[in-house]
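The block underneath contains the structure these notes are about, expressed in structure tokens.
Number of protein chains: 6
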Amino acid sequence: MKIAIYRKEHFNAAHRLHNPEWPADKNEEIFGKCNNPNYHGHNYDLVVKLAGPIDPETGYVYDMKRLKNVIKENVTSKFDHKNLNLDVNEFKKLNPTAENIAVVIWNILREKIEIKYDLTVRLYETERNFVEFSGD
Amino acid sequence: MKIAIYRKEHFNAAHRLHNPEWPADKNEEIFGKCNNPNYHGHNYDLVVKLAGPIDPETGYVYDMKRLKNVIKENVTSKFDHKNLNLDVNEFKKLNPTAENIAVVIWNILREKIEIKYDLTVRLYETERNFVEFSGD
Amino acid sequence: MKIAIYRKEHFNAAHRLHNPEWPADKNEEIFGKCNNPNYHGHNYDLVVKLAGPIDPETGYVYDMKRLKNVIKENVTSKFDHKNLNLDVNEFKKLNPTAENIAVVIWNILREKIEIKYDLTVRLYETERNFVEFSGD
Amino acid sequence: MKIAIYRKEHFNAAHRLHNPEWPADKNEEIFGKCNNPNYHGHNYDLVVKLAGPIDPETGYVYDMKRLKNVIKENVTSKFDHKNLNLDVNEFKKLNPTAENIAVVIWNILREKIEIKYDLTVRLYETERNFVEFSGD
Amino acid sequence: MKIAIYRKEHFNAAHRLHNPEWPADKNEEIFGKCNNPNYHGHNYDLVVKLAGPIDPETGYVYDMKRLKNVIKENVTSKFDHKNLNLDVNEFKKLNPTAENIAVVIWNILREKIEIKYDLTVRLYETERNFVEFSGD
Amino acid sequence: MKIAIYRKEHFNAAHRLHNPEWPADKNEEIFGKCNNPNYHGHNYDLVVKLAGPIDPETGYVYDMKRLKNVIKENVTSKFDHKNLNLDVNEFKKLNPTAENIAVVIWNILREKIEIKYDLTVRLYETERNFVEFSGD
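Protein chains in written order, with our numbering: chain A, 1 to 136; chain B, 1 to 136; chain C, 1 to 136; chain D, 1 to 136; chain E, 1 to 136; chain F, 1 to 136.
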């Protein structure tokens, strides 16, 4: 028997969408105003989902305080109030689209969360644009 | 590897729930105040989900601006500020319940979105009543 | 000493913006898609604010259950799942803009709420368009 | 062909997390401030999902008014404005974590909803901590 | 020139509405299910508003981090995961209605926030029931 | 008789809080992580409020479509997907705190909105930190 638990966190960051192998006009055409060389930014909302059995002694799947701390130590503290392109190693050579940010976060957390728990990451770039990745 | 992207749009419309093959008292009994002959209305929120691989050149599954335009041209522009029963062809003979509206939107979008992308439509009639259809 | 209390209710209704003294093209120009002759609709959110002293025996300014019932009996039950233009007497000759709906609701409630309480009505037509009236 | 429908309800309750087989210091260590012997409380949001075929006569998967009543009669009326530990039989010997509350609600509803409908229960303890159970 | 700043915090607490000078049946009649002797609870949202001039050196009215800390040290840390009736001194003899909680919080903060700033406290007991106090 | 109307818009931007007349350590002490030299960013929500009489011919205080366009042409188009410090003239020498951004927006709109309408600007930097300015 499996039950899913969800924890919502957030971080505020600057970013720019850009492919360095393309000329300026193609970057402008594909990424539009997201290609602004001086960056823009977002309040990102992050929802982390773990699925597993309920521990009969605690009634928990996974301690929410522990999950909150795992996310803060490994993700939020590195991304919050940062420029994703310039300040975060994972995006030195990777375009920080919502899709790529979600995959990077999933990979970071997958190493910290025991494999017996299924892991899904949902990332809201805005209230109207969001993505979800489960590692499949 | 698949990742899901979501785009949220909305439209405001009038509708009435009614089965023309039933007598008035049965329509009243089954549909209650939703059967009001003069119509009532809603602010519908529509969330469209596509799942597919990330394009390594763009970092996108599907360009959100393109998805937004596909939804606006094929759904929102036809449904927004309309009377679903009277103004929208698909509901001339189909009861515009949230379930049927979601299936109609899914069918419209399925023709416009390449088949390699999984497609799911979620429709909020109110904050408390909503439906989701994936074509299965 | 005054403190304000707020109660949020909602109703779903159809309406059409139209001035019968204008020709069709002027109605179209001024009201745009809101002039659709077959109506459209909204999920209206209504927030009623009363301000007055705290009753020392109850700790209440005004019993929320009583306020909820006053709103339901006098406003919601008459507006919900209705066509404002056709089904609600107050709009037989009054254009049901958000502004006019708020003033109508304020006038209805002002007669039911003792004058010692200040009264304000806020009406959300959508999340992005809303109005507020205090009777001043 | 299956489509999912969702109904959101809520209840306000007090609870305390505690394992009577553990000493006080272990309860304090594991459950932290949630172990407060005088209880604390939450506004719980409950989203019930049913999946099944659309009835061609009504256009409904399941009448939302009926679903709302099933939830109110069997869940909300028993949990709302209650102390889960003291007032609700199911938690006399079961720790009322969000996980366990969701499973209890799922079991209650599974008996009331015909088996042909898939059933999922999502429970928000706060906006940032929530769980979901599908009976698997 | 004055500008208002707002900071939103929250706390989760149990409470019971009760007037010890009334017989049980009157408490039941006036407070209904809120009078449950075993308590119930809420996720309270608290919005604190300060109004004052902008400091030209910082561009701030009041440092948000400092405001957040003032609220946490003086309000949230004393109310969160507590039983308001049993664990919080201010409600030993005062009925913890939303109105009274807001006045208590306003009085606590008024002593900690320099008098040159106007102070308003808004407290959401639920999304639909809330109160606001400005000390007037 | 006056009634208030509100229009909500949004923009996504990067910014950095910094006082060039202070040494690095004082900037770090006062602005903390908001002083990151590579910028961070936000999804800003902007609510513009106008108060005035209802035009009896239209039932409007001010045409919402016109208000939406005034905001887009004069504010959103200049701030959205920009770096406030580098790309927006008003912040070349002014620290882009929420307070200062709100005053700048109010000044821009005050020139475009006839003086007979009272004008208030509310700006959400995050859901939990926001400011409001009325020109007083």
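Don't be surprised by glycine CBs; every beta carbon is placed ideally from N, CA and C.
- Shown in chain order are the members of the segment 49-73 of chain D whose Cβ falls below 7 Å from a Cβ of chain B: I54, E57, T58, G59, Y60, V61, M64 and K65.
- The criterion of a C-beta distance shorter than 8 Å is not satisfied by N12(F) and G59(F).
- In this structure, N74(A) and K116(A) do not form a Cβ contact; the two beta carbons are roughly 19 Å apart against a cut-off of 8 Å.
- The beta carbon of E28(A) sits no closer than 8 Å to any beta carbon of chain B.
- No Cβ of chain B is located within less than 8 Å of the beta carbon of N107(C).
- Taking all protein chains in view, the Cβ of P56(B) is surrounded by fewer than 16 other Cβ atoms within 10 Å, so the residue is classified as exposed.
- DSSP lists H15(F) as the bridge partner or partners of H40(F).
- The Cβ atoms of K49(A) and A102(A) lie no closer than 8 Å to each other.
- Cβ contact annotation for Y6(B) (same chain, cutoff 6 Å, sequence separation greater than five): V47 and K49, in chain order.
- The closest CA to that of R16(A), considering only N19(F), E125(F) and N38(F), is found on N38(F).
- The beta carbon of F133(A) sits closer than 6 Å to the beta carbons of A102, V103, W106 and V121 from its chain, once the five residues preceding and following it are set aside; these are given in chain order.
- Per DSSP, the unbroken alpha helix (DSSP H) holding L84(F) starts and ends at L84 to D87.
- For R110(B), no Cβ of chain D is located within less than 8 Å of the residue's own Cβ.
- Counting along the chain, V131(F) sits inside the beta strand (DSSP E) bounded by residues N129 to F133.
- Residues of chain D whose Cβ lies closer than 7 Å to the Cβ of E9(B) do not exist; the shortest such Cβ separation is about 19 Å.
- Check the Cα spacing between N129(F) and each of R66(E), N36(E) and W22(E): the tightest is with R66(E).
- Per DSSP, D118(A) lies in no alpha helix (DSSP H); the unbroken beta strand (DSSP E) holding it starts and ends at D118 to Y124.
- In chain order, L17 place their CB closer than 6 Å to the CB of C34(D), counting only its own chain and leaving out the 5 sequence neighbours on each side.
- Under the DSSP assignment, V70(C) falls in the alpha helix (DSSP H) whose first and last residues are M64 to I71.
- As DSSP reads the structure, I30(D) sits in no beta bridge.
- Within its own chain, the residues whose Cβ lies closer than 7 Å to the Cβ of K82(C), once the five positions on either side in sequence are excluded, are A13 and V88, listed in chain order.
- Of all residues in the segment 123-136 of chain F, only T126 come within less than 7 Å of chain A when Cβ atoms are compared, listed by chain position.
- K92(D) and E127(E) have their C-alpha atoms some 30 Å from each other.
- One finds D136 in chain A with Cβ atoms closer than 7 Å to the Cβ of K2(B), taken in chain order.
- With respect to chain D, the C-beta atom of I5(A) has a partner C-beta closer than 8 Å.
- Secondary structure note for N100(C): its alpha helix (DSSP H) is the uninterrupted segment A98 to K112.
- For the pair G32(E) and Y62(D), the Cα-to-Cα distance works out to about 33 Å.
- In its chain, beyond the 5 residues on either side, N27 and N95 have a beta carbon closer than 7 Å to the beta carbon of N19(F).
- Per DSSP, reduced to three states, the secondary structure at K49(F) is strand.
- One Cα belongs to P53(A), the other to N100(D), and the distance between them is close to 11 Å.
- The DSSP-derived three-state label of K78(F) is helix.
- In the structure shown, E57(C) falls within a coil segment according to DSSP collapsed to helix, strand and coil.
- When the alpha-carbon of D136(B) is set against those of R110(B), D80(B) and E125(B), the nearest one is in R110(B).
- In the DSSP assignment, K92(B) is bridged to no other residue.
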